[in-house]
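Let me begin by presenting the structure, written as structure tokens, before commenting on it.
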Amino acid sequence: MSRVSPTVGWQPTKVTGSGLVIETSGGGADDPDGGKYVSNAISLDHYAILELTDAQITTTGIYTQGISAADGSTLTLTDSTLTIDGNFGVMTLYTGSEATLNDTTVQAANGSSVQVQQGSTLNVLDGSKITLAQGQINVVAGNTATDEGSTLNLSDSSVSSAGTMSTIQGTNKAALNLTNATITHTNASGAAVQANNATTLDISGGNITSAGMGVYILASDARIDGATINADGDGIFITSKRKLDGYEDLNALTVNKAQVNSDTIALHVDTGTTINAPIVLTDSTFEAPEVIKLGSKAVIQANNTTLIGDVAQSDMSSSSLSLSQGSTLTGSVDAMFTTLSLDDTSQWNMTDPSTVGNLTNDGDITLGNASGSTGTLLTVAIP
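Each residue of the sequence shown is one higher than the last, beginning at 54 in our numbering.
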């Protein structure tokens, strides 16, 4: 015979529900500390647990927010809808809280955003759809480099925004894990995905479409595998500018089995930027008027990769571009301080007069231009 001891002491509150309709308005009363009080449709704290299925949550009025979760609380919404008509946010997660959306639809008006802060986690899974008018998903730690990072796990779901801010942004040691996701940014300002200040970005599969930049990397580590990026602005942009003090400059990029298309520059290394390791492009295709632009020193290794467009260099640092394992470059090169190398399986189809700092060629170079004429000039300016 066994005996089960009763649970004693404080226990967190746990509530489950199905088919609930939650509506909130109000808010706007004066806060004696300044500003206005905000009315939340759902508010959790002190490790509370709330699990809802087939719920309909609606906010109306300026001073309303959908969800507030703090102090290690946990929220799960399944097969639910969250409609935000106010201006104070879709949800705010902070102090180690977690929210999971399973096959849930979020529709937000005005500038309402999703804020994931102070070591919190947001999981957007299983066909969930988040549509933001002017807002973004903002994943950020605290105010200093010692604060714990926050996490976004976005899988088999979609996020879109028409705002000037980047649709998804991770800042200050955030972790962005995007798997088979569809991300759409319909504003010429901002990016579909932005990683700032020692953030780690993992994109696996999925589609990224942007009227601005596709992926913006600021002092962060990005890995892109099997994704398609279509951007009117730069497809992938890497910079060290505006990095906050105290955060490590992690700038690194690996791309595998990806397709990157841009109306301007497919891969752009900004001026004044530190790249910590070779940029490795494998089994991928990059296409743009300028396929690569080098504004700072970078080592780029293309393995079985197709580069369509021109390569340009805007600084005087010693960079290198190597084509190997059947890689192809179709375009001109204007890079007086860059070393270009081809192995015996790779090819450069030179479409216009070109200049490189140094050339190591074990492959094939075809001299010609877009009109098909011959005699295009290749200049090797060995320093």
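Cβ coordinates follow ideal geometry from the N, Cα and C atoms, glycine included.
- Spatial neighbours of Ser242 in its chain, beta-carbon cut-off 7 Å, leaving aside the 5 residues before and after: So the list reads Thr217, Gly265, once near-sequence residues are dropped.
- Query: With DSSP run on the structure shown, which of helix, strand or coil describes Val313?
  - Reply: Looking at Val313 - three-state DSSP - the assignment turns out to be strand.
- Query: Quick one: is Tyr269 buried, meaning 16 or more other Cβ sit within 10 Å of its Cβ, or exposed?
  - Reply: Per the 10 Å Cβ criterion, buried.
- Message: What would DSSP say about Gly425, mapped onto helix, strand or coil?
- Response: Annotation note: pLDDT 49 at Gly425 (below 50); position unreliable, no value reported.
- Task: Hey, could you find the ends of the beta strand (DSSP E) Phe141 is sitting in?
- Result: Boundaries for Phe141: no beta strand (DSSP E) harbours it, and the DSSP string shows neither H nor E there.
- Item | Alpha-carbon to alpha-carbon, His238 and Asn206 | Spanning the two alpha carbons is a distance of roughly 19 Å.
- Item | Coarse secondary structure for Arg295, derived from DSSP in three states | It is coil, neither helix nor strand.
- CB Gln171 to CB Ile137, shorter than 8 Å? Going by C-beta atoms, Gln171 is not nearer than 8 Å to Ile137.
- Nearest residue (CA-CA) to Glu301, options Ile277, Ser337, Ala272: Glu301 has its Cα closest to that of Ala272, out of Ile277, Ser337, Ala272.
- Task: Please list the segments of the beta strand (DSSP E) lying wholly inside the region 180–218, counting only runs of 3 or more residues, in order along the chain.
- Result: With a minimum length of 3 residues, the continuous beta strand (DSSP E) runs that stay inside the region 180–218 are 182–185, 190–193, 204–208, 211–214.
- Whose CA, out of Thr252, Val313, Gly286, Ser337, lies closest to the CA of Asn304? For Asn304, the closest C-alpha among the options Thr252, Val313, Gly286, Ser337 is that of Thr252.
- Task: Could you name the residues that DSSP lists as bridge partners for Glu301?
- Result: Glu301 pairs with nothing; no bridge assigned.
- Query: Using CA coordinates, which residue listed in Thr335, Ala280, Ala365 is at the minimum distance from Ile345?
  - Reply: Of Thr335, Ala280, Ala365, the residue nearest in Cα terms is Ala365.
- Task: Less than 8 Å between the CB atoms is what I'm expecting for Val308 and Ser349, so what's the real figure, rounded?
- Result: Their Cβ separation, rounded to whole angstroms, is 18 Å, which puts Val308 and Ser349 out of contact at 8 Å.
- Item | Buried versus exposed, by CB contacts within 10 Å (16 or more), Leu254 | Buried: at least 16 other Cβ atoms inside 10 Å.
- Query: Val167 to Glu151, Cα distance in whole Å?
  - Reply: CA-to-CA, the gap between Val167 and Glu151 works out to about 13 Å.
- Classify Asn329 as buried or exposed, calling it buried when 16 or more other Cβ atoms lie within 10 Å of its own Cβ. By the Cβ neighbour-count rule, Asn329 is exposed, with fewer than 16 other Cβ atoms within 10 Å of its own.
- Task: Using the Cα positions of Gly88 and Thr204, report the straight-line distance between them to the nearest angstrom.
- Result: Rounded to whole angstroms, the separation of the alpha carbons of Thr204 and Gly88 is 29 Å.
- Task: Within 10 angstroms of the Cβ of Met144, are there 16 or more other Cβ atoms? Answer buried if so, exposed if not.
- Result: When all chains shown are included, Met144 counts as buried.
- Sheet register partners of Leu229 (DSSP bridge): Residue pairing from DSSP places Leu229 in a beta bridge opposite Leu205, Leu254.
- Can you check DSSP and say which residues form a bridge with Lys89? Its beta-bridge partners are Asp83.
- Which residues in the same chain as Val433 place their Cβ atom closer than 7 Å to its Cβ, once the five residues preceding and following it in sequence are excluded? Excluding its 5 nearest sequence neighbours in each direction, Val433 has C-beta neighbours in its own chain below 7 Å: Val409, Asn411, Leu412, listed in chain order.
- Proximity winner among Asp363, Thr117, Glu76, relative to Tyr90 (alpha-carbon distances): Checked all of Asp363, Thr117, Glu76; the closest Cα to Tyr90 is Thr117.
- Looking only at C-alpha atoms, which of Thr392, Leu360, Asp132 sits nearest to Ser399? Ranking the options by Cα distance to Ser399, first place goes to Leu360.
- How about the region 209–227 and the region 310–317: do they share at least three Cβ pairs that are nearer than 8 Å? Cβ pair count under 8 Å is below three, so no.
- Could you check where the beta strand (DSSP E) with Pro342 kicks off and where it finishes? For Pro342, the uninterrupted beta strand (DSSP E) run begins and ends at 338–347, by DSSP.
- According to DSSP, which residues form a beta bridge with Tyr269? Residue pairing for Tyr269: DSSP places it in a beta bridge opposite Gln247, Phe290.
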